[in-house]
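Novice: Residue numbers (the numbering used here): 94 to 311.
Backbone N, C-alpha and C define an ideal beta-carbon position, used for all residues, glycine too.
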Ligand SMILES: C[S@@+](CC[C@H](N)C(=O)[O-])C[C@H]1O[C@@H](n2cnc3c(N)ncnc32)[C@H](O)[C@@H]1O
């Protein structure tokens, strides 16, 4: 399966869901994010943009909230919502998770909800999160992990990945990829019991951590 095939399946599924009201989240990342006035925030896989709008409100006119998504439908919906509210401190970026179009050390807070499981190269995504965060910058991510190995037949199936289960990795793999990227202070804030999704059992977690360094000042 090529990167393009995976991206097309994601674009197709989420383009259709952009105008629906169904819940696409798998945890409470935004509730724990605690964005502060003046901060720069980034939501990876921002979907309809609702978390970006909340971040924009929290950081105020001296801060900025970016959403990143690969689906045109989701990006259109988000931009319309931001325009309706007259927000000027938001931006929506079209990009895959593995290539964040922001400079090194430019972001105070990364959030993401139910998205990183879709990425083909999750190590690259965590490495990008590390790159864009400022020293001392933090992240809060809700995502799913696989309780059992995803059967080979589905692991590269673009539709099954877009349905938010076949791209999932086991819990130990998930946490070790975050640590290998150089992120630290990992804290599993919430975690669900296993549940059925697609052909496997998954669980959801909300994970917080930071990029080491910085003065720790608020
Ligand atoms: C399950 S939805 C979650 C949306 C939103 N975070 C929420 O909680 O409502 C996943 C979102 O991630 C986006 N996405 C999936 N894979 C992606 C990738 N590789 N690069 C960028 N965006 C991706 C999808 O287009 C979709 O909008």
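Please state the DSSP three-state secondary structure of residue 192.
Specialist: Walking along the chain shown from the start, residue 192 turns up at place 99. Residue 192: coil per DSSP, three-state reduction.
Novice: DSSP state of residue 164, grouped into three classes?
Specialist: By one-based count along the chain shown, residue 164 stands at place 71. It is coil, neither helix nor strand.
Novice: For residue 294 and residue 244, what's the separation of their Cα atoms in angstroms?
Specialist: Sequence index remark: in the chain shown, residue 294 carries index 201 (1-based). Sequence index remark: in the chain shown, residue 244 carries index 151 (1-based). If you take the alpha carbons of residue 294 and residue 244, they lie about 12 Å apart.
Novice: Residue 194: beta carbon under 6 Å from a heavy atom of ligand 1?
Specialist: Walking along the chain shown from the start, residue 194 turns up at place 101. Checking the Cβ of residue 194 against ligand 1 gives no.
Novice: Note down the Cα distance separating residue 218 from residue 271, rounded to an integer number of angstroms.
Specialist: Taking the first residue of the chain shown as 1, we reach residue 218 at position 125. Taking the first residue of the chain shown as 1, we reach residue 271 at position 178. Between residue 218 and residue 271, the C-alpha separation is close to 9 Å.
Novice: Return the first residue and the last residue of the alpha helix (DSSP H) that residue 117 is part of.
Specialist: To locate residue 117, count along the chain shown from 1; it is residue 24. No alpha helix (DSSP H) contains residue 117, which DSSP labels as neither H nor E.
Novice: On the premise that residue 224 lies in contact with residue 197, defined as a C-beta separation below 8 Å, what is that separation, rounded to the nearest angstrom?
Specialist: Locating residue 197 in the chain shown gives position 104, where the first residue counts as 1. Locating residue 224 in the chain shown gives position 131, where the first residue counts as 1. The Cβ separation is near 5 Å, so the contact holds.
Novice: Just the C-alpha distance for residue 311 and residue 131, rounded to the nearest angstrom, thanks.
Specialist: Indexing the chain shown from 1 puts residue 311 at position 218. Indexing the chain shown from 1 puts residue 131 at position 38. Annotation note: pLDDT 48 at residue 311 (below 50); position unreliable, coordinate value reported separately. So the alpha carbons of these two residues sit roughly 11 Å apart.
Novice: Could you pull the start and end residues of the alpha helix (DSSP H) that residue 272 belongs to?
Specialist: As a position in the chain shown, residue 272 is number 179, starting the count at 1. From DSSP, the alpha helix (DSSP H) with residue 272 extends over 264-273.
Novice: Taking 8 Å as the limit between beta carbons, can you name the residues of its chain near residue 212, skipping five residues before and five after?
Specialist: Position 119 of the chain shown, counted from the first residue, corresponds to residue 212. Within the same chain, residue 212 has close Cβ partners 189, 190, 191, 218 and 260.
Novice: Taking DSSP as the reference, what is the three-state secondary structure of residue 218?
Specialist: As a first step, residue 218 must be located in the chain shown, where it is residue number 125. Residue state, collapsed to three classes: helix.
Novice: Would you check whether ligand 1 has a heavy atom nearer than 6 Å to the C-beta of residue 118?
Specialist: The count along the chain shown starts at 1 and reaches residue 118 at position 25. Yes, since a heavy atom of ligand 1 falls inside the 6 Å radius drawn around the Cβ of residue 118.
Novice: Taking the beta carbon of residue 137 as the centre, do at least 16 other beta carbons fall within 10 Å, making it buried, or is it exposed?
Specialist: Locating residue 137 in the chain shown gives position 44, where the first residue counts as 1. Residue 137 should be labelled buried.
Novice: Taking the alpha carbon of residue 296 as the reference point, which residue from 266, 284 and 103 has its own alpha carbon closest?
Specialist: Working through the chain shown from its first residue, we reach residue 296 at position 203. Of the candidates 266, 284 and 103, the one whose C-alpha sits nearest the C-alpha of residue 296 is 284.
Novice: DSSP on residue 135, reduced to helix/strand/coil?
Specialist: Your numbering for residue 135 matches position 42 in the chain shown. In the structure shown, residue 135 sits in a strand (DSSP, three-state: E or B).
Novice: Tell me which residue opens and which closes the beta strand (DSSP E) that residue 299 is part of.
Specialist: Start at 1 with the first residue of the chain shown, and residue 299 comes out as number 206. Element bounds for residue 299: 293-303.
Novice: With DSSP collapsed to three states, give me the class of residue 203.
Specialist: Reading the chain shown from its first residue, position 110 is the one you call residue 203. It is a strand residue.
Novice: Run the proximity test for residue 146: is its beta-carbon closer than 6 Å to any non-hydrogen atom belonging to ligand 1?
Specialist: Residue mapping note: residue 146 aligns to position 53 of the chain shown, counting from 1. No, Cβ of residue 146 sits at least 6 Å from all heavy atoms of ligand 1.
Novice: How about residue 268 and residue 302: are their beta carbons less than 7 Å apart?
Specialist: Stepping through the chain shown from its first residue, residue 268 is reached at position 175. Stepping through the chain shown from its first residue, residue 302 is reached at position 209. Not in contact: residue 268 and residue 302 (Cβ atoms no closer than 7 Å).
Novice: Quick one: using the 10 Å Cβ neighbour count with 16 as the cut-off for buried, is residue 134 buried or exposed?
Specialist: Locating residue 134 in the chain shown gives position 41, counting from the first residue. Buried, because 16 or more other Cβ atoms sit within 10 Å of the Cβ of residue 134.
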